[in-house]
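Mapping the sequence shown onto full-length UniProt numbering, position 144 (from 1) lands on 144, and the numbers just tick up by one. Even for Gly, the Cβ is constructed at its ideal location relative to N, Cα and C. Beneath this line is the structure, given in structure tokens, with notes to follow.
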Amino acid sequence: MKDRDLGTREQGKSAMSLLPIFLNLAGRPALLVGAGAVALDKIGSLLKTGVRLRVIAPRARAEIQELAGEGKLELVLRAFEPADLDGNFIVIAATDLSEVNAAVYREAVARGIPCNSVDDIPNCDFFFGSVVSRGDLQIAISTAGESPAVAQRLRREIDEQLPSDLGSGLAELGELRREVLATHERGEERRLLLHELAQRQICDSALCSSKQLARTGREAARAQAGTAYLVGAGPGDPELLTVKALRLIESADVILHDDLVPQPILDLATPGAAIMNVGKRCGAKGITQEEINALIVDHARAGRSVVRLKSGDPLLFGRAAEEMAALEDGGLPFEIVPGVSAAFAAAAAIGRSLTDREWASHVILSTGHHAQSHHRETLPAIEAATRVVYMPGRDLKMLAAEWIAEGLPPELPCVMVSHAAQAEQQVTQTTLGELGELEPAAAPSVLLAGWAVRERRVVDRAVEGAIKSQA
1 MKDRDLGTRE QGKSAMSLLP IFLNLAGRPA LLVGAGAVAL DKIGSLLKTG
51 VRLRVIAPRA RAEIQELAGE GKLELVLRAF EPADLDGNFI VIAATDLSEV
101 NAAVYREAVA RGIPCNSVDD IPNCDFFFGS VVSRGDLQIA ISTAGESPAV
151 AQRLRREIDE QLPSDLGSGL AELGELRREV LATHERGEER RLLLHELAQR
201 QICDSALCSS KQLARTGREA ARAQAGTAYL VGAGPGDPEL LTVKALRLIE
251 SADVILHDDL VPQPILDLAT PGAAIMNVGK RCGAKGITQE EINALIVDHA
301 RAGRSVVRLK SGDPLLFGRA AEEMAALEDG GLPFEIVPGV SAAFAAAAAI
351 GRSLTDREWA SHVILSTGHH AQSHHRETLP AIEAATRVVY MPGRDLKMLA
401 AEWIAEGLPP ELPCVMVSHA AQAEQQVTQT TLGELGELEP AAAPSVLLAG
451 WAVRERRVVD RAVEGAIKSQ A
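Below you can see the structure in the form of structure tokens.
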């Protein structure tokens, strides 16, 4: 290449943006001129690629000699000669002598071989980026040699933000992608399917909704248009969603959700879904049940797939009966998808069973408005039931007084669980006699009461005392 061509090449580098590319160097020959500290730093990056690396220098650091002894690179201990460039795919000049690096670059240009002269911007065809890796995922940052320190700082910041399991997730996605390419015809539908898979989580289960989507296609996996689904969102942890609930949330056109459904679950919806909060909480009813019924019916009648997303299980204290009646009256199909109830999540939070062969043969489910009973028969000395009160309210004095009036002992164990199965979960142990003095718990909360939920350190003497007090 003539000197005029070389000058044009250097001017072009400063006037044009660099093209970010990722080279496949596996098995290809590369030359590294230099065997000092700078060269050693580059060797670490190069060997990861599987390149066939030849290093030429009059002297070499002990670490580089050791790598050569292990067969990881070829080391030639002599001065650089222009003929050393012949047959190489790329060249790196990393000596301590700028004139040597410049000579390597000129000879590489003459042969049409891309060359990098370390820390010498005018004599570089490409630059080493600061790389963040997660398996096959690589994010490379370059400042075109202006400030490698800035590139390194950005690399650290990005590295701190990326999930550690991103590489394994990418590998699973790659397997699904190859399956889609092998089983689906080329076209717009396949392209959209691959893009939708990239937005989804992939689990190990064979029932994983993303795997089902890859095998059946977008249309077969979508929620059926014109159908309403009453779906249980569980206690709030996305990992406690059922597989079917996850699939419907991910494919719904419209999601009408309770106020207690947390954002991480709503984030599973497709970006194009219409999401509306129709919650009624703490007496603040910004929308009536009749209006909610109308929204479900209108969207389903318009041919959209509608997910009515309810905290916990849709058939427990969620006004599902009224919504099903509205859909039946409208002649519209609907389906119910059960969810993990807050009662079970609260029991799991305290490590107790709601039923116990010795202390609880049945479970009573109620809400704070209906927990009091004025028509119960005389209780046995130890009631063989665990009471679960959803939405117990902020003032528990009346509830505690009613239960004591029924004959339940003040020593009866009570547990208040707030935000069960979520990161902000709180558990408060108390007794029926002290329940009225309990500080209000943050919603959503569940009250558990009964001998089956007692703390393990509570000895049977407390139970025996309760029996004697009623004898």
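Can you give me the Cβ contacts of Val132 inside the same chain, cut-off strictly under 6 Å, excluding the 5 residues immediately before and after it?
On the sequence shown, residue 132 is found 132 positions in, with the first residue counted as 1. Ile139, Arg155, Ile158 and Asp159, listed in sequence order.
In three-state DSSP terms, what is Pro440?
If you number the sequence shown from 1, residue 440 lands on position 440. Pro440: coil per DSSP, three-state reduction.
Could you check if Asn101 is buried or exposed, using at least 16 other CB atoms within 10 Å of its CB as the buried criterion?
On the sequence shown, residue 101 is found 101 positions in, with the first residue counted as 1. Flag for Asn101 reads buried.
Please classify Ala381 as buried or exposed, where buried requires at least 16 other C-beta atoms within 10 Å of its C-beta.
In the sequence shown, counting from the first residue as 1, residue 381 sits at position 381. With a pLDDT of 47 at Ala381, under the threshold of 50, the modelled position of this residue cannot be trusted; read the value that follows with caution. Looking at its Cβ environment, which holds fewer than 16 other Cβ atoms inside 10 Å, Ala381 is exposed.
May I ask you to list the residues that DSSP assigns as paired with Lys310?
Within the sequence shown, the letter at position 310 stands for residue 310. In the DSSP output, where bridge partners are listed per residue, Lys310 has Gly232.
Check whether the Cβ atoms of Asp120 and Leu170 sit closer than 7 Å, and answer yes or no.
Residue numbering aside, residue 120 sits at position 120 when the sequence shown is read from its first letter. Residue numbering aside, residue 170 sits at position 170 when the sequence shown is read from its first letter. Their beta carbons are not under 7 Å apart, which means Asp120 does not touch Leu170 by this criterion.
Please determine, among Leu32, Pro238, Ile364 and Ala443, the residue with the shortest C-alpha to C-alpha distance to Glu74.
The residue you call residue 74 lines up with position 74 of the sequence shown. Nearest of Leu32, Pro238, Ile364 and Ala443 to Glu74, Cα basis: Leu32.
Given this structure, state the Cα-to-Cα distance separating Thr242 from Arg454, to the nearest angstrom.
Taking the first residue of the sequence shown as position 1, residue 242 is located at position 242. Taking the first residue of the sequence shown as position 1, residue 454 is located at position 454. Rounded to whole angstroms, Thr242 to Arg454 spans 30 Å at the Cα level.
What number of angstroms, rounded off, separates the C-alpha of Lys244 from the C-alpha of Ser251?
Within the sequence shown, the letter at position 244 stands for residue 244. Within the sequence shown, the letter at position 251 stands for residue 251. About 11 Å.
Using a Cβ distance threshold of 8 Å, determine whether the region 58-68 contacts the region 83-90, with at least three qualifying pairs required.
These segments do not touch.
Could you give the residue range of the beta strand (DSSP E) that holds His419?
Position 419 of the sequence shown holds residue 419. Note, His419: premise wrong, no beta strand (DSSP E); not H, not E.
Hey, is the region 401-415 in contact with the region 425-442, meaning 3+ C-beta pairs nearer than 8 Å?
Cβ pair count under 8 Å is three or more, so yes.
So, at 6 Å on beta carbons, what are the nonlocal neighbours of Thr367 in its own chain, with the 5 sequence-adjacent residues on each side left out?
As a position in the sequence shown, residue 367 is number 367, starting the count at 1. Excluding positions up to five away in sequence, the list reads Phe317, Tyr390 and Met391.
Comparing C-alpha positions only, which one of Glu70, Ser17, Leu47 and Phe22 sits nearest to Pro29?
By 1-based counting over the sequence shown, the position of residue 29 is 29. The candidate whose alpha carbon is nearest that of Pro29 is Leu47.
Quick check on Asn24: buried or exposed, where buried means 16 or more other Cβ atoms within 10 Å of its Cβ?
Position 24 of the sequence shown, counting from 1, holds the residue named residue 24. So Asn24 ends up on the exposed side.
Rank Ile249, Asp258, Asp253 and Leu230 by C-alpha distance to the C-alpha of Asp267 and give the top, closest one.
For the purposes of this step, residue 267 is taken as residue 267 along the sequence shown, with counting starting at 1. With distances taken between Cα atoms, Asp267 lies closest to Ile249.
In the structure shown, what three-state DSSP assignment does Leu432 receive?
Indexing the sequence shown from 1 puts residue 432 at position 432. Of the three classes helix, strand and coil, the one that applies to Leu432 here is helix, per DSSP.
Return the chain-ordered list of same chain residues with a C-beta closer than 6 Å to the C-beta of Cys124, the five sequence neighbours on each side being excluded.
Residue mapping note: residue 124 aligns to position 124 of the sequence shown, counting from 1. Contacts found: Asn116 and Ser117.
Can you tell me where the beta strand (DSSP E) with Ser445 in it begins and where it stops?
Reading the sequence shown from its first residue, position 445 is the one you call residue 445. Per DSSP, Ser445 belongs to the beta strand (DSSP E) from Ser445 to Ala449.
Is the number of C-beta pairs between the region 252-272 and the region 325-333 that are closer than 8 Å three or more?
As far as the Cβ criterion goes, the region 252-272 does not touch the region 325-333, which means the pair count is below three.
Where does Leu192 fall in DSSP's three states?
On the sequence shown, residue 192 is found 192 positions in, with the first residue counted as 1. Here Leu192 sits in helix by DSSP.
Taking the C-alpha atoms as reference points, what is the distance between Ala321 and Pro444?
One-based indexing of the sequence shown puts residue 321 at position 321. One-based indexing of the sequence shown puts residue 444 at position 444. Each residue's alpha carbon lies about 22 Å from the other.
Whole angstroms are fine: how far does the CA of Pro314 sit from the CA of Asp298?
Locating residue 298 in the sequence shown gives position 298, counting from the first residue. Locating residue 314 in the sequence shown gives position 314, counting from the first residue. Their Cα atoms are separated by approximately 20 Å.
In or out: Glu323 buried (at least 16 other Cβ within 10 Å) or exposed?
The residue given as residue 323 occupies position 323 in the sequence shown. With 16 or more Cβ atoms within 10 Å of its Cβ, Glu323 is classed as buried.
Once you ignore the five residues that flank Leu230 on each side, which residues in its own chain have a CB closer than 6 Å to its CB?
Along the sequence shown, read from residue 1 onward, the residue named residue 230 stands at position 230. Same-chain partners within the cutoff: Arg308, Pro314, Ala320 and Ile336.
For the alpha helix (DSSP H) that Ser168 lies in, which residues bound it at each end?
Residue 168 sits at position 168 when you count from the first residue of the sequence shown. Leu166 to Thr183 is the span of the alpha helix (DSSP H), which, as asked, contains Ser168.
Check each candidate in Ala294, His195 and Ala26 and name the one with the smallest Cα separation from Gly50.
Sequence index remark: in the sequence shown, residue 50 carries index 50 (1-based). Ranking Ala294, His195 and Ala26 by Cα distance to Gly50 puts Ala26 first.
Check whether the Cβ atoms of Phe127 and Ser147 sit closer than 7 Å, and answer yes or no.
Within the sequence shown, residue 127 is the residue found at index 127, counting from 1. Within the sequence shown, residue 147 is the residue found at index 147, counting from 1. Contact flag unset, no.
From the DSSP output, read off the bridge partner residues of Pro29.
The sequence position of residue 29 within the sequence shown is 29, counting from 1. Paired residue(s): Arg52.
Can you list, in chain order, the residues of its chain with a C-beta nearer than 8 Å to that of Gln152? Leave out the 5 residues immediately preceding and following it.
In the sequence shown, residue 152 corresponds to position 152, counting from 1. Counting only Cβ-Cβ distances below 8 Å, and skipping sequence neighbours, we find Ser130.
Distance check for Leu295 and Ala149, CA to CA, integer angstroms please.
By one-based count along the sequence shown, residue 149 stands at place 149. By one-based count along the sequence shown, residue 295 stands at place 295. Approximately 56 Å between the Cα atoms of the pair.
Can you have a look at Gly174 and say buried or exposed, based on whether 16 or more other CB atoms are within 10 angstroms of its CB?
Reading the sequence shown from its first residue, position 174 is the one you call residue 174. Exposed: under 16 other Cβ atoms inside 10 Å.
With DSSP as the reference, label Ile139 as helix, strand or coil.
In the sequence shown, the residue the question calls residue 139 occupies position 139. Strand.
Give me the residue from Gly69, Ala228 and Ser17 with the minimum Cα distance to Ala302.
Residue mapping note: residue 302 aligns to position 302 of the sequence shown, counting from 1. Looking at the Cα atoms, Ala228 is the closest of the given residues.
Please list, in chain order, all residues of the same chain as Leu19 whose beta carbon is under 6 Å from its beta carbon, the five residues on each side excluded.
By one-based count along the sequence shown, residue 19 stands at place 19. Counting only Cβ-Cβ distances below 6 Å, and skipping sequence neighbours, we find nothing.
If you check the beta carbons only, do Cys414 and Ala449 fall under 7 Å apart?
Within the sequence shown, numbered from 1, the residue matching residue 414 stands at position 414. Within the sequence shown, numbered from 1, the residue matching residue 449 stands at position 449. Cβ distance < 7 Å, so Cys414 and Ala449 count as in contact.
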